[in-house]
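Student:
Numbering (the numbering used here), first residue to last: 134 to 355.
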């Protein structure tokens, strides 16, 4: 969904079922918490649900999410006003307004701040201004692209492909997918997350691999 331009195949129909199943399970937890704090409340009549979506989502994408939420029994009617959507950068701005800006004593009208929302799929930049009565204004148009965390993981694998060859990585993915995912997690913990932009960090830091855990499989296929 959105404007992601890659050579990836179209999502099969059952992706809606996956979304619906997820919303249904998380909805069960939400309903339990609501019942604990507000005993006897009619969830479908009195609870407003706000779902965050990527800023790149089109109206048709939100319509799919609404359909899934309805099928997951989060709302009584498909076009219920009890379900609303907000973008992830907007949600981040509200969070900052209610938390971070108060801590730094910047929660006064006319304060301008930038939200850098680095997610798994996208990175979005927005500049906001605090208005009166806890309202938020947008100073500049949102800028963003599909260059989030998962794309860094993909480039890590591409780097390994250059070193070991496509065949080795393809066979590793086909025969040891779990270990490949674990290797990516180790890369995240030991290279991606600690990275601060320091130019003194060498390339070797980014292809760090515990040879005892992964070397045998990589060597087998290379």
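By construction, the Cβ of each residue, glycine as well, lies at the ideal position given by its N, Cα and C atoms.
I'd like the ranges of any beta strand (DSSP E) spanning at least 3 consecutive residues and lying wholly in the region 259–313.
Tutor: 269–271 and 276–278
Student: Taking all protein chains shown into account, do 16 or more other C-beta atoms lie within 10 angstroms of the C-beta of residue 237, making it buried, or fewer, making it exposed?
Tutor: exposed
Student: Taking C-alpha atoms, which residue in 255, 253, 254 and 234 lies nearest to residue 247?
Tutor: 234
Student: Relative to the C-alpha of residue 275, which candidate in 282, 258 and 283 has its C-alpha closest?
Tutor: Nearest neighbour of residue 275 by Cα position, chosen from 282, 258 and 283, turns out to be 258.
Student: Whose CA, out of 150, 160 and 184, lies closest to the CA of residue 217?
Tutor: 184
Student: What are the boundary residues of the beta strand (DSSP E) that residue 186 is part of?
Tutor: 182–186
Student: Can you tell me whether residue 188 is buried or exposed? The criterion is at least 16 other CB atoms within 10 Å of its CB, across all chains shown.
Tutor: So residue 188 counts as buried.
Student: Given this structure, state the Cα-to-Cα distance separating residue 220 from residue 295, to the nearest angstrom.
Tutor: Take the alpha-carbon of residue 220 and the one of residue 295: they are about 37 Å apart.
Student: Closest by CA to residue 277, which one among 229, 255 and 215?
Tutor: Among 229, 255 and 215, the Cα nearest to that of residue 277 belongs to 255.
Student: Excluding sequence positions up to five away, which residues of its chain have a Cβ less than 6 Å from the Cβ of residue 262?
Tutor: 245, 270 and 272
Student: For residue 326, count the other beta carbons within 10 Å of its own beta carbon; 16 or more makes it buried, fewer makes it exposed. Which is it?
Tutor: exposed
Student: Nearest to residue 215 by alpha carbon, out of 180, 324 and 260?
Tutor: Of the residues 180, 324 and 260, the one whose Cα lies closest to the Cα of residue 215 is 180.
Student: Using the rule of at least 16 other Cβ atoms within 10 Å of the residue's Cβ for burial, across every protein chain shown, is residue 280 buried or exposed?
Tutor: exposed
Student: Taking its Cβ as the centre, do 16 or more other Cβ atoms sit within 10 Å of residue 313, making it buried, or is it exposed?
Tutor: buried
Student: Return helix, strand or coil for residue 248, following the three-state DSSP convention.
Tutor: strand
Student: Between the C-alpha atoms of residue 232 and residue 168, what's the straight-line distance to the nearest angstrom?
Tutor: 27 Å
Student: May I ask you to report which of helix, strand or coil DSSP gives residue 218?
Tutor: strand
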